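What follows is one structure encoded as structure tokens, with my remarks underneath.
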Amino acid sequence: MPLKKFKQILSRWRQLPKRHQRILLSLIVIVIAVICWSPSSNLSGEVALPHGQQAGNSSDDFVSDSPEIKPVSDVQIPDNEYTIVAGDTLSGIFQKLGLSQTQMRNILESDQTQALDTLNPGDKLRFWRNKDKLTRFQVYFNPGYYVDFNLLEDGSYDSKVVRLEGVWKQHVVSGEIHGSLYLSARKLGLTPAQIEQIGQMFKDKINFSRELRSGDPFKVVIEDQFVKGQPTGESNLLAVQIINQGRHFNAFLFDNGKYFDEKGQSLTRAFLRYPTRRHYRISSPFNLHRRHPVTGRIMPHYGTDFACPVGTKILATGDGIVTRVIHHPYAGLYIVIRHGSTYMTRYLHLSKSYVHRGEPVKRGQVIALSGASGRVTGPHLHYEFRINNRPVNPMSTKIPMAAAVSRKDMPKFKQEVHKLLTVMDKSP
Ligand SMILES: [Zn+2]
């Protein structure tokens, strides 16, 4: 500025009243402060970031986040923020920002939690620097989860994981199935991962591609995590209800991270070990090498015989579809149940059947009364368990057993279920 002009300004300044001088002076201070502290001037100044706009936005978010974060460094706004895109390498990013590979290696060495190995597109890296010295570094996954690295005197870094619990807020999503569950749920804002999870929950209960009907209603209670008012992207499905052709299917998340139906029974394929309520004496065990006592020929026994009196209630040992109810000269009246594509159970020598071919049955449902039909020496139930159509010993084979909420946890579970059902009922 030429001296003459400066003198002109100065003399005008002196002519101003004291109050105006003060106002002008403080305005100048504010303008200078804004120029120095504006995050966008910091971010765009040194390095052109490929995602400059995103970086600007999230750095604003970060400022509003900052009151509760206790950084080791005094400066809370990062000098650079970088959003990972597919194909990025850490050394490439450091190079782009003019940071040395030695510093990168020191960061990697102190990365106890392997946070840098789990980076995905969209995750952010934040850099605080003193010229080309990296004083603080952050791997930022979401507002509730990041890893902080701080420079120590010897050039190494100290790393710590920050997890903020924030608050979880519930909301209910409800709709009807049109087309597929996937399309209908996507339209209502569920993520592909959440829909996949629902499919897994009910995979042993409903055949989604065949059994769902247009107009089948469904409701989902979701809780989302918020840290300082911002969604972290973490969410849980608390309850799911699908009404398929009038049949209710419920799933409730309980403490241990598993899903149970409204009665506290596990939703995954599971079997009862015994096909009767009481455990009867085994009159003839499963034996692939059984010899006939008279002929001496090998006559495998593919099932377990229980010495139960005629008229004993016979239970389906798992959820499934009845595929056969037939009279046979040797097996007598017998029932076959298919449980998904892998498992099958057979019940022989019955006196009465309560089910028909094609009927879906539930684990524990009474399907028949035992008897002495077919070629037998006395009343008993012959029970078979097949895996991929190979008979196995139903008493010893590792089969997925029914898991339920424990008796101790049941009151708490029932309370949770009541709460979630009320929430779902209130939603239209
Ligand atoms: Zn038998």
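Sequential numbering of the sequence shown, starting at 1, is according to full-length UniProt numbering. Note that beta-carbon positions come from the ideal geometry of N, C-alpha and C, so glycine has one too. Just so we're clear, the structure is a prediction, and the values are computed from it rather than from any experiment.
Boundaries of the alpha helix (DSSP H) around I198: P192 to M201.
Under DSSP, V167 forms a beta bridge with F226. A check of alpha carbon separations from L315 across S266, L381, E262 and G296 identifies L381 as the nearest.
The set of residues with a C-beta under 6 Å from any non-hydrogen atom of ligand 1 comprises S284, H301, G303, D305 and H382, given in chain order. When Q114, T276 and S180 are compared, the shortest CA-CA separation from K313 is found for T276. In chain order, E223 and Q225 place their CB closer than 6 Å to the CB of W168, counting only its own chain and leaving out the 5 sequence neighbours on each side.
Residue pairing of S159 in beta bridges, as defined by DSSP: F149. Between M299 and K219, the alpha-carbon positions lie close to 54 Å from each other. The alpha-carbon of K160 is positioned some 6 Å away from that of V147. Annotated three-state conformation of Q241 is strand, per DSSP.
Listed in chain order, the non-local C-beta contacts of H178 below 8 Å within the same chain comprise S184, S214 and G215, local neighbours out to five positions each way being set aside. Scanning I206, Q197, E109 and K414 for the CA closest to the CA of E262 turns up K414. Nearest neighbour of K133 by Cα position, chosen from T118, Y140 and N150, turns out to be N150. Membership of Q103 in the alpha helix (DSSP H) is indicated by the continuous run Q101 to S110. Here T345 is bridged, per DSSP, to I337 and F385. Ranking P428, L212, S351 and I367 by CA distance to the CA of G378 puts S351 first.
When the five nearest sequence neighbours on each side are left out, the beta carbons in the same chain lying within less than 7 Å of the beta carbon of L116 are those of L90, L108 and V139, in order along the chain.
Around the beta carbon of D319, a 10 Å sphere encloses 16 or more other beta carbons of the protein chains shown; the residue is thus reported as buried. Between Y280 and F306, the gap from beta carbon to beta carbon is short of 7 Å. Spatial neighbours of M201 in its own chain (CB-CB distance under 7 Å, excluding positions within 5 residues in sequence) are listed in chain order as V240, A251, Y259 and L267. Here A193 is exposed. Its C-beta has fewer than 16 other C-beta atoms within 10 Å.
Nearest Cα to V227 within the set G175, R357 and G166: G166.
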